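A.B. asks: For what it's worth, our numbering labels the leading residue of the sequence shown as 41, then goes sequentially.
From the three backbone atoms N, C-alpha and C, an ideal C-beta is built for every residue, glycine too.
For clarity, every value in this text was computed on a predicted model and none was experimentally measured.
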Amino acid sequence: MTAKNTVCLWYQGDALDAAQFYAQTFPDSSVGAVHRAPGDYPDGKQGDVLLVEFNVAGVPCIGLNGGPHFQHNESFSFQIATDDQAETDRLWQAIVGHGGQESACGWCKDHWGISWQITPRMLTKALADPDRAASKRVFDAMMGMTKIDIAVLEAARKG
């Protein structure tokens with residue numbers, strides 16, 4: 041790792057699987073070095089994968105196979121900006137369809153419990169629209185969604 045600040049994510053023995061999934065799913069993502077434990081530790085044995093260096097959409101991360109002691113929660117998430125409905129659908133389905141779960145307003149969780157916001161750039165722009173009535177219509181439409189539907193938001197923006 042050469043980055044000064046790196047996100048460390050805790051896994052229960054499957055950090056390499058998660059890193060490989062992210063690398064296959066998100067553009068500008070990759071798996072780097074895999075570090076094996078030099079000795080036994082509370083949740084693993086010498087030679088087990090201990091740390092995995094990877095990037096998710098350009099963000100440097102380390103996956104730590106630390107065991108079940110700490111769980112992921114919604115207070116941390118990756119927000120992925122999408123350019124169109126096809127990209128939104130593809131990423132949503134990749135996460136939810138690979139053992140994840142849907143949530144509200146473009147949020148979902150992956151198989152490992154990491155929260156993701158699959159957010160079309162159009163939504164971000166519409167919520168910042170100087171026409172506050174248009175912004176409110178978009179917001180109200182979004183509040184009823186799980187996966188974001190750009191066509192519905194565009195219609196709401198137009199009134």
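Just to check my reading of the structure: V96 and F66 have Cβ atoms closer than 8 Å, yes? What is that Cβ distance to the nearest angstrom?
C.D. replies: With 8 Å as the limit, V96 and F66 qualify as a contact, their Cβ atoms being about 6 Å apart.
A.B. asks: Do G103 and A55 have their C-beta atoms within less than 9 Å of each other?
C.D. replies: Yes, these two residues count as a Cβ contact at 9 Å.
A.B. asks: With a cut-off of 8 Å on the beta carbons, I'd call I190 and I158 a contact; round off their distance for me.
C.D. replies: About 11 Å separates the two Cβ atoms, so there is no contact after all.
A.B. asks: Between the stretch 129 to 140 and the stretch 167 to 184, can you find at least three pairs of beta-carbon atoms closer than 8 Å?
C.D. replies: With the cut-off at 8 Å, the stretch 167 to 184 and the stretch 129 to 140 do not touch.
A.B. asks: Beta-carbon within less than 7 Å of V136's beta-carbon, same chain only, minus the 5 sequence neighbours each way: which residues are those?
C.D. replies: Taken in chain order, the residues that qualify are E142, C148.
A.B. asks: Where DSSP assigns a beta bridge to R172, which residues make up the other side?
C.D. replies: The partner list for R172 (beta bridge, DSSP) is empty, contrary to what the question assumes.
A.B. asks: Ends of the alpha helix (DSSP H) at Y81?
C.D. replies: Premise fails: Y81 is in no alpha helix (DSSP H) and is neither H nor E.
A.B. asks: Using CA coordinates, which residue listed in K165, D171, D57 is at the minimum distance from V71?
C.D. replies: The shortest Cα separation from V71 among K165, D171, D57 belongs to D57.
A.B. asks: In the DSSP assignment, find the unbroken beta strand (DSSP E) run with A121 in it and report its ends.
C.D. replies: Looking at the DSSP string, the run of the beta strand (DSSP E) that includes A121 is 117 to 122.
A.B. asks: Compare the beta carbon distance of G153 and N105 with 9 Å and say whether it is the shorter of the two.
C.D. replies: Cβ distance not < 9 Å, so G153 and N105 don't count as in contact.
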